[in-house]
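Structure first, commentary second.
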Ligand SMILES: [Zn+2]
């Protein structure tokens, strides 16, 4: 991805640097050749040329670009999980995914860590984004997921004779698990996404307290992936599944829903980041009836939401790390709504706005493996920056409306927002 050349000054805004420290009320940001040269009070700003390109934040907020830490580029706002692997061919899924990437950038998400992707689309999206062919977040891809036979993602009855090649590797035992990871090595993913546990979405045989992989399978995934320098994450709701993932050496946990004291101790001991992805649960409870979700599913999502919120607050208060990502890409939780996750954590879980923003920026960059380059507004880092109307600390829900975003910069290049040269997309991707 190209970086800007020359100098840009962003001034007249409250500066939030993403590290969690108090905002600087008279903040300004000086960018040189795409990197941050200064972030701080305008009173301490180094000399800059008179004719420097300037963005006047108009008293709004200057902050790091957001990181979606559980991004499904290829989930095309599906109405049922079954749509994922059979509704559209990879050609059309790829096109939809590129629109989702453009949308994410316009919403202020300058980076994303994939939480699972149909086919191998996100690996190639990353290539196209890095080559500036299409706009989108800097991507850490995961490609196809791994789940054991009969588990959450293996829903097609045998008589249909339908495989799940595009979405998941269905594995039986350690050999299969190793074979799947070895295929992903060749695909070029950074993350291996697995399904250690079930979910409220499948109340009959794979609910949120069910294990979907054995420890031995998970251990084989981790050993093979780590051997090849790849990282492993997993959909972990049930307490025993969380512990299995931590024992096996997972690098992050998706959801981390039902934590007991032992799970919490193991998590903090290894400092493993957790991405709760709770807005999906909230949206499932709110919109479930209109999308025809059975009451047992909605009840399970409510239990997941309550358990997940309690665990997330406890992890934060006890010094753990959390990323923000909301599992967007379902009909009732569509792409574009990403920042609802931030509002939910601030207004309903009990995070302060600065804590939520730190999770969505600094910790997100750590999860995506990009902490050396992005995630905070600190000297030397790439200028992935948002300029937003209004005081985000006073009302974090400002971020939900992309009409409030003046500028989205990546490496100092103005890519989206009102000030960007090109028009925003008005397309709503609907599966
Ligand atoms: Zn997900």
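Numbering (my numbering), first residue to last: 9 to 439.
We treat Cβ as the ideally placed atom computed from N, Cα and C, and that holds for glycine.
Quick check: what's the CA-CA separation for residue i versus residue j?
i: residue 132; j: residue 151; result: 10 Å
i: residue 117; j: residue 167; result: 42 Å
i: residue 338; j: residue 274; result: 32 Å
i: residue 135; j: residue 41; result: 22 Å
i: residue 169; j: residue 147; result: 34 Å
i: residue 88; j: residue 45; result: 47 Å
i: residue 182; j: residue 214; result: 21 Å
i: residue 291; j: residue 209; result: 13 Å
i: residue 114; j: residue 224; result: 42 Å
i: residue 193; j: residue 332; result: 27 Å
i: residue 171; j: residue 101; result: 18 Å
i: residue 37; j: residue 18; result: 5 Å
i: residue 138; j: residue 414; result: 23 Å
i: residue 288; j: residue 343; result: 11 Å
i: residue 335; j: residue 242; result: 13 Å
i: residue 65; j: residue 427; result: 11 Å
i: residue 294; j: residue 371; result: 28 Å
i: residue 141; j: residue 85; result: 24 Å
i: residue 216; j: residue 267; result: 13 Å
i: residue 53; j: residue 300; result: 56 Å
i: residue 221; j: residue 205; result: 7 Å
i: residue 173; j: residue 93; result: 8 Å
i: residue 352; j: residue 111; result: 21 Å
i: residue 315; j: residue 365; result: 22 Å
i: residue 411; j: residue 24; result: 20 Å
i: residue 378; j: residue 253; result: 23 Å
i: residue 75; j: residue 350; result: 11 Å
i: residue 395; j: residue 309; result: 35 Å
i: residue 278; j: residue 239; result: 15 Å
Could you check what DSSP says for residue i in three-state terms: helix, strand or coil?
i: residue 111; result: helix
i: residue 41; result: coil
i: residue 366; result: helix
i: residue 247; result: helix
i: residue 211; result: coil
i: residue 49; result: strand
i: residue 148; result: strand
i: residue 119; result: strand
i: residue 295; result: helix
i: residue 141; result: coil
i: residue 77; result: strand
i: residue 314; result: helix
i: residue 199; result: strand
i: residue 361; result: helix
i: residue 263; result: strand
i: residue 308; result: helix
i: residue 15; result: strand
i: residue 85; result: coil
i: residue 69; result: strand
i: residue 389; result: coil
i: residue 374; result: helix
i: residue 127; result: coil
i: residue 400; result: coil
i: residue 227; result: helix
i: residue 235; result: helix
i: residue 63; result: strand
i: residue 330; result: strand
Which word fits residue i, buried or exposed, when buried means at least 16 other C-beta atoms lie within 10 angstroms of its C-beta?
i: residue 303; result: exposed
i: residue 26; result: buried
i: residue 359; result: buried
i: residue 62; result: exposed
i: residue 51; result: exposed
i: residue 78; result: buried
i: residue 306; result: buried
i: residue 416; result: buried
i: residue 72; result: buried
i: residue 6; result: The structure shown has nothing for residue 6, since the chain only spans 9 to 439.
i: residue 178; result: buried
i: residue 122; result: buried
i: residue 10; result: exposed
i: residue 280; result: buried
i: residue 97; result: exposed
i: residue 106; result: buried
i: residue 80; result: buried
i: residue 282; result: buried
i: residue 402; result: exposed
From the DSSP secondary-structure annotation, give me the bridge partner or partners of residue i.
i: residue 418; result: 421
i: residue 91; result: Answer is none; residue 91 lacks a bridge partner.
i: residue 156; result: 179
i: residue 32; result: 23
i: residue 242; result: 202
i: residue 394; result: 71, 416
Return yes when the C-beta of residue i is under 6 Å from any heavy atom of ligand 3, and no when it is not.
i: residue 87; result: The model on display carries ligand 1 but not ligand 3.
Exercise for the section: Could you please go through the chain and list the residues whose beta-carbon is closer than 7 Å to any non-hydrogen atom of ligand 1? Expected result: 78, 80, 123, 124, 243, 262, 285, 335
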